[in-house]
Amino acid sequence: MKINRTTIKIKHYLISLLLAIFLPFSGNAYENQYIDTKFVYEEQYEQNNYYFKSKELDKLFHLHNEVYFQPDTFGLDTEFYYVRPIGIKGNLKDSYILLYDKNDILRDVLPVANKYVYSIDVRLENNKKGICLGTFDEENVFFEIEKIYEVTKEIKLKPLSIETKILDCPIPADYNTEDNIGMEDYFKYGVLRNRK
Numbered sequence: 001m002k003i004n005r006t007t008i009k010i011k012h013y014l015i016s017l018l019l020a021i022f023l024p025f026s027g028n029a030y031e032n033q034y035i036d037t038k039f040v041y042e043e044q045y046e047q048n049n050y051y052f053k054s055k056e057l058d059k060l061f062h063l064h065n066e067v068y069f070q071p072d073t074f075g076l077d078t079e080f081y082y083v084r085p086i087g088i089k090g091n092l093k094d095s096y097i098l099l100y101d102k103n104d105i106l107r108d109v110l111p112v113a114n115k116y117v118y119s120i121d122v123r124l125e126n127n128k129k130g131i132c133l134g135t136f137d138e139e140n141v142f143f144e145i146e147k148i149y150e151v152t153k154e155i156k157l158k159p160l161s162i163e164t165k166i167l168d169c170p171i172p173a174d175y176n177t178e179d180n181i182g183m184e185d186y187f188k189y190g191v192l193r194n195r196k
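Note that our numbering gives residue 91 to position 91 of the sequence shown, counting from 1, and the numbers run on in steps of one.
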């Protein structure tokens, strides 16, 4: 069977087209431009000085003209990195966790679906540190963990199995506020479908 040049050109074109479509989605979408840089964003505040717009955050999150806010939480520093949470105005939007090293270099970004809260500086088996996502039952003061991420030495997020042993999990950041002082006395946590 003879293969002519037109057939070869069409095959090369199709392969190039498929690579162009799928390669951008194969890795972390944030890595290309902003990860591992001194990412600083400008805040253009609206009238109430709570909500703001930011062209830099729009570019980082691949969004357009969104309105952001910084949740009122504390205790977001760890020994090797710190976290800056960014919320988006409106309950139907995701929020984001920006992980910076102690030199203010943005190392990774974690999108957080609006149904989740998160806990940082979680102690995991094998001397690992991490971040847990899950839901919080306020009535029972119970954090039901659904996702576990290791924060590597390079301050990169690595998804772990839900079976990973959790040695200690602090109160989720959204509840680590002055309004909830004393909650740690009653706080419990456990993995999804494995409450203890």
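Note that the Cβ used here is the ideal one computed from N, Cα and C, for glycine as well. Here the structure is a predicted model, which is why all the values come from computation and not from measurement.
Cα atoms of E144 and Y41: separation of roughly 33 Å, rounded to the nearest angstrom. Rounded to whole angstroms, the separation of the alpha carbons of P172 and Y116 is 10 Å. Bounds of any alpha helix (DSSP H) do not take in D121; it lies within the beta strand (DSSP E) bounded by 117-124.
Linking G75 to I181 through their CA atoms gives a straight-line distance of about 13 Å. Burial check for D72: the Cβ neighbour count within 10 Å stays below 16, so the residue is exposed. For K153, the closest of V191, D101, C132, M183 by C-alpha to C-alpha distance is D101. L157 and I131 have their C-alpha atoms roughly 9 Å apart.
Among the bridge pairs identified by DSSP, S95 is matched with V112. Taking 4 residues as the minimum length, the alpha helix (DSSP H) runs contained wholly in the region 33-77 are 55-61, in order along the chain. The Cβ atoms of I97 and Y82 lie no closer than 8 Å to each other. At a Cβ-Cβ threshold of 8 Å, D168 and V122 count as neighbours. If you draw a straight line from the Cα of D104 to the Cα of P85, it is about 14 Å long. By the CB criterion at 8 Å, I155 and F52 fall outside the cutoff. E150 has G130, K158 as its beta-bridge partners, per DSSP. The bridge partners DSSP lists for I86 are Y96. It is roughly 27 Å from the alpha-carbon of N48 to the alpha-carbon of V109. Sequence-distant partners of Q44 (beyond 5 residues in either direction) whose C-beta falls short of 8 Å from its own C-beta, in its chain, are F52, K53, S54.
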